[in-house]
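Position in the sequence shown (from 1) plus 64 gives the number in this note's numbering.
Idealized CB from N, CA, C, for every residue including glycine.
I have placed the structure first, in the form of structure tokens, so that the comments after it can refer back to it.
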Amino acid sequence: MSEYSSIIYDKADNIATITLSRPDQFNALSPALFKELEAALDQADADNEVRVVLITGKGNYFCTGLDPKESTESSTASPFEPSWTDQGTGIFNKLENLEKPVIAAINGPALGVGFELCLACDLRVASETADLGFPEIELAAMPGAGGTQRLPRLAGIAKAKEMIYFGKTVKSKEAYNFGLVNMVAPPERLMDAAREMAKELASKSPVALKMVKQAINLGMDAHLSTGLELEKRLSKLLSCTDDAEEALRASAEKRKPNFTGT
Numbered sequence: 065m066s067e068y069s070s071i072i073y074d075k076a077d078n079i080a081t082i083t084l085s086r087p088d089q090f091n092a093l094s095p096a097l098f099k100e101l102e103a104a105l106d107q108a109d110a111d112n113e114v115r116v117v118l119i120t121g122k123g124n125y126f127c128t129g130l131d132p133k134e135s136t137e138s139s140t141a142s143p144f145e146p147s148w149t150d151q152g153t154g155i156f157n158k159l160e161n162l163e164k165p166v167i168a169a170i171n172g173p174a175l176g177v178g179f180e181l182c183l184a185c186d187l188r189v190a191s192e193t194a195d196l197g198f199p200e201i202e203l204a205a206m207p208g209a210g211g212t213q214r215l216p217r218l219a220g221i222a223k224a225k226e227m228i229y230f231g232k233t234v235k236s237k238e239a240y241n242f243g244l245v246n247m248v249a250p251p252e253r254l255m256d257a258a259r260e261m262a263k264e265l266a267s268k269s270p271v272a273l274k275m276v277k278q279a280i281n282l283g284m285d286a287h288l289s290t291g292l293e294l295e296k297r298l299s300k301l302l303s304c305t306d307d308a309e310e311a312l313r314a315s316a317e318k319r320k321p322n323f324t325g326t
């Protein structure tokens with residue numbers, strides 16, 4: 065898909081920026097936006113020039129969740145229908161397992177499925193104005209696209225239960241204090257800060273980042289001994305890559321390495 069109506073796709077400096085672009089609907093997720101987001105992730109994944117993916121929202125909101133005015137083929141048109149959450153789960157799993165690092169630049173409130181989108185990213189840079197949380201409990205519902213699983217892994221079980229049980233939102237600075245957000249920036253500096261982080265990552269070896277991401281993500285769901293074996297195997301594979309050889313040559317020649325991702 066080369067043209068989009070619900071997102072903006074841009075590529076520069078080896079960074080693909082995906083902007084949720086439904087500002088009049090607070091960037092709420094619709095079936096069309098879900099479809100375009102998945103297509104954009106596929107586009108970035110297939111592009112060898114892209115080394116980092118950056119996701120943000122247009123306007124003053126990152127994403128306020130599912131758009132209740134939109135519906136799937138369900139007769140209830142509920143934003144908590146399984147068809148909605150199944151679609152979100154599949155796309156967020158794809159995002160989490162993307163071989164390239166993904167940064168969420170959280171420019172404003174990220175709620176419900178919008179928050180789940182952030183949790184599936186590798187790193188999170190948030191505006192000082194951003195609120196994060198799951199308000200579903202107020203509607204006798206629950207997060208259904210990974211929130212009950214990813215939030216405890218990132219914030220700890222106690223904090224995750226507090227946020228989900230009470231439908232509590234947290235400010236970005238509080239989220240930073242308990243390790244959910246990697247960086248907080250003033251609104252006017254957010255995209256610069258996120259792009260600086262992305263550019264630094266883009267200068268690293270793509271194959272090294274790929275293997276590190278695999279080791280961490282797969283290791284989180286494995287016994288420690290299994291994770292250690294995975295780490296050892298990936299480390300050996302990495303040592304045999306062209307990028308590893310280039311890093312040694314560059315160090316000996318006192319220059320910056322030119323990584324190719326092989």
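| Query | Result |
| --- | --- |
| Does any CB atom of chain D fall closer than 8 Å to the CB of Ala286? | The structure shown has no chain D; it contains just one protein chain. |
| Using only the alpha-carbon positions, how far apart do Ala108 and Thr83 sit? | 13 Å |
| From what residue to what residue does the alpha helix (DSSP H) around Ile72 run? | Segment Ile71 to Ala76 is the beta strand (DSSP E) holding Ile72; no alpha helix (DSSP H) there. |
| Are at least three pairs of beta-carbons, each pair with one atom in the region 119 to 128 and one in the region 167 to 180, less than 8 Å apart? | yes |
| List in chain order: all unbroken alpha helix (DSSP H) runs of 4+ residues lying wholly within the region 176 to 246. | 177 to 183, 211 to 219, 221 to 230 and 236 to 241 |
| At what residue ranges does the region 67 to 124 contain a whole run of the beta strand (DSSP E), taking only runs of 3 or more? | 71 to 76, 79 to 84 and 116 to 121 |
| Excluding five sequence neighbours on each side, which residues of the same chain lie with their C-beta closer than 6 Å to the C-beta of Ala311? | Pro321 |
| Could you check which residue in Glu309, Glu160 and Met255 has the C-alpha nearest to that of Leu282? | Glu160 |
| Relative to the C-alpha of Ala80, which candidate in Asn112, Asn91 and Asp88 has its C-alpha closest? | Asn112 |
| Please determine if the region 156 to 171 and the region 179 to 195 are in contact, where contact requires at least 3 C-beta pairs separated by less than 8 Å. | yes |
| How far does the alpha helix (DSSP H) with Ala262 in it reach, from first residue to last? | Leu254 to Ala266 |
| Just to confirm the assignment, what range does the beta strand (DSSP E) spanning Ala314 have? | Run containing Ala314: none in the beta strand (DSSP E); it sits in the alpha helix (DSSP H), Asp306 to Ala316. |
| Identify whether Leu294 lies in helix, strand or coil by the three-state DSSP scheme. | helix |
| Please report the distance separating the alpha-carbon of Lys225 from that of Pro216. | 8 Å |
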